Amino acid sequence: MSEKKIVGITMGDPASIGPEITVKAFADKSLYDLCRPVVVGDACVMEAALPIVGHTEMKINPIQDISEAKYEYGTIDVLDMGLVDMDKLKRGEVSAMCGEAAFQYVAKVIHLAMDHKVDATVTNAFNKEAVNLAGHHYSGHTEIYAEMTGTKNYTMMLAHENLRVVHVSTHVSLREACDRVKKQRVLDVIRIADKACKELGIKEPKIGVAGLNPHSGEHGLFGHEEIDEIIPAIEAAQAEGINADGPVPPDSLFSKARGGWYDIVVAMYHDQGHIPLKVVGFVYNQEKHAWDAVSGVNITLGLPIIRVSVDHGTAFDQAGTGTASELSLRNSIEYAVMFANNRK
Numbered sequence: 037m038s039e040k041k042i043v044g045i046t047m048g049d050p051a052s053i054g055p056e057i058t059v060k061a062f063a064d065k066s067l068y069d070l071c072r073p074v075v076v077g078d079a080c081v082m083e084a085a086l087p088i089v090g091h092t093e094m095k096i097n098p099i100q101d102i103s104e105a106k107y108e109y110g111t112i113d114v115l116d117m118g119l120v121d122m123d124k125l126k127r128g129e130v131s132a133m134c135g136e137a138a139f140q141y142v143a144k145v146i147h148l149a150m151d152h153k154v155d156a157t158v159t160n161a162f163n164k165e166a167v168n169l170a171g172h173h174y175s176g177h178t179e180i181y182a183e184m185t186g187t188k189n190y191t192m193m194l195a196h197e198n199l200r201v202v203h204v205s206t207h208v209s210l211r212e213a214c215d216r217v218k219k220q221r222v223l224d225v226i227r228i229a230d231k232a233c234k235e236l237g238i239k240e241p242k243i244g245v246a247g248l249n250p251h252s253g254e255h256g257l258f259g260h261e262e263i264d265e266i267i268p269a270i271e272a273a274q275a276e277g278i279n280a281d282g283p284v285p286p287d288s289l290f291s292k293a294r295g296g297w298y299d300i301v302v303a304m305y306h307d308q309g310h311i312p313l314k315v316v317g318f319v320y321n322q323e324k325h326a327w328d329a330v331s332g333v334n335i336t337l338g339l340p341i342i343r344v345s346v347d348h349g350t351a352f353d354q355a356g357t358g359t360a361s362e363l364s365l366r367n368s369i370e371y372a373v374m375f376a377n378n379r380k
């Protein structure tokens, strides 16, 4: 038992699918064979989620300290923050109460990791509008983690099966994203990508670096960012012994990575990396009018602690129905354990 990593999992927005998919994940006994999981959230919300997903046989164990957790299958240990009034909770709706709760769950799990009380953190989705209504002005989880851990140089990695993508920029306008393609930033992200792959057990990572412009600029015909910024960054990385290749035209790079040419892709901006990964990870069944799969994970690299997140939103339209898939959460926990086991 002592060798299994302790994973702190935030409940996400209380009005979202977060509590429901968390129960579904904990209903799988293999989760307890993998790690020692504990939820950071509100016990009353987790209790209410049990009948929604048809797992009334499970028990909620409210705790006030990690040391009180049982880590027993059939019992969900919940570090109870006591932030939600069930009489005011309306599933599927944005509220300051839920935004405040979701923010505090994240802050708590970060502090637990920084204090070495958990070995890794996993985050369910929160609603950015709700968090901002509560007075916390962040564009996402990543920025909260960066600020609370004092991290300046970080990036987002998305992963689904053998497709892994890191980003030079994420939550900025497309116009600003182009301006952020600078040699030093591209080099920093290449280095982070190389380190992340090694932490996942890939001894000699092959890194594909995307171009910014169509055809990677076509030797300056469609833009000069490749010549002025991206190629110098790749050459600098190669001089350090990193196996980086590119700039590869973005319209073919991801298919090559999916085919095994590269272990990880360096994307230049948010949608360049997100769209191809979600095309393969999100599978909609047209006949059933439902998602067959919503898989993939979101990892913040460069932090002093491990943070993995589901790669989907709060899905307010599904909240309270019990139909949401827990696959992405399960993938996230598996990735968190992999990182924890490989981190020195």
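Numbered per the working numbering, the sequence shown spans residues 37 to 380.
For each residue, glycine too, the CB sits at the ideal point set by N, CA and C.
Small disclaimer: the values here were computed from a predicted structure and weren't measured.
- Taking residue 370 as reference, the option from 67, 39 and 199 with the minimal CA-CA separation is 67.
- In this structure residue 365 is in contact with residue 58, their Cβ atoms being roughly 7 Å apart against a cut-off of 8 Å.
- Contact between the stretch 137-148 and the stretch 74-83 is present: 3 or more CB-CB pairs across the two stretches fall below 8 Å.
- Excluding residues up to 5 positions away in sequence, 59, 92 and 94 lie with their Cβ nearer than 7 Å to the Cβ of residue 86 in the same chain.
- Contact between residue 332 and residue 347 holds, with the beta-carbon distance rounding to 4 Å and staying under 8 Å.
- The DSSP-derived three-state label of residue 253 is helix.
- By the C-beta density criterion, residue 283 is buried, having at least 16 other C-beta atoms within 10 angstroms.
- Around the Cβ of residue 48, a 10 Å sphere holds 16 or more other Cβ atoms; the residue is buried.
- Cβ neighbours of residue 262 within its own chain (closer than 6 Å, five residues either side excluded): 247, 252, 253 and 283.
- Distance check between residue 222 and each of 260, 267, 317 and 180 places 267 closest, using alpha-carbon atoms only.
- Residue burial is scored here from C-beta neighbours: residue 124 has fewer than 16 other C-beta atoms within 10 angstroms and is therefore classed as exposed.
- Remark: C-beta atoms of residue 350 and residue 161 approach each other more closely than 7 Å.
- Judged by DSSP in its simplified three-state form, residue 144 adopts helix.
- Judged by pairs of C-beta atoms under 8 Å, the stretch 294-307 touches the stretch 193-200, as three or more such pairs exist.
- Distance between residue 83 and residue 52, taken at the CA atoms: about 14 Å.
- Taking C-beta separations shorter than 6 Å and ignoring five residues to either side along the sequence, the partners of residue 175 in its chain run 207, following chain order.
- Ranking 112, 293, 212 and 249 by CA distance to the CA of residue 198 puts 293 first.
- If you ignore the 5 residues before and after residue 344, its C-beta comes within less than 6 Å of the C-beta of 158, 333, 335, 368, 371 and 372, all in its own chain and listed in chain order.
- In the structure shown, residue 283 falls within a strand segment according to DSSP collapsed to helix, strand and coil.
- In the three-state DSSP reduction, residue 318 falls in the strand class (E or B).
- Contact check for residue 219 against residue 265 passes: the beta carbons are separated by less than 7 Å.
- Within 10 angstroms of the beta-carbon of residue 304 lie 16 or more other beta-carbons, which makes it buried.
- When rounded, the separation of the alpha-carbon atoms in residue 163 and residue 326 is 22 Å.
- By the CB criterion at 7 Å, residue 376 and residue 341 fall outside the cutoff.
- Apart from sequence neighbours up to five positions away, the residues of its chain that approach residue 72 with a beta-carbon distance below 8 Å are 37, 40, 41, 42, 43, 105 and 107, ordered along the chain.
- Following the DSSP letters along the chain, one finds residue 54 inside the alpha helix (DSSP H) bounded by residues 54-62.
- When 154, 135 and 185 are compared, the shortest CA-CA separation from residue 337 is found for 185.
- By the neighbour-count definition (other C-beta atoms within 10 Å, threshold 16), residue 56 is a buried residue.
- The alpha-carbon separation between residue 275 and residue 138 amounts to approximately 44 Å.
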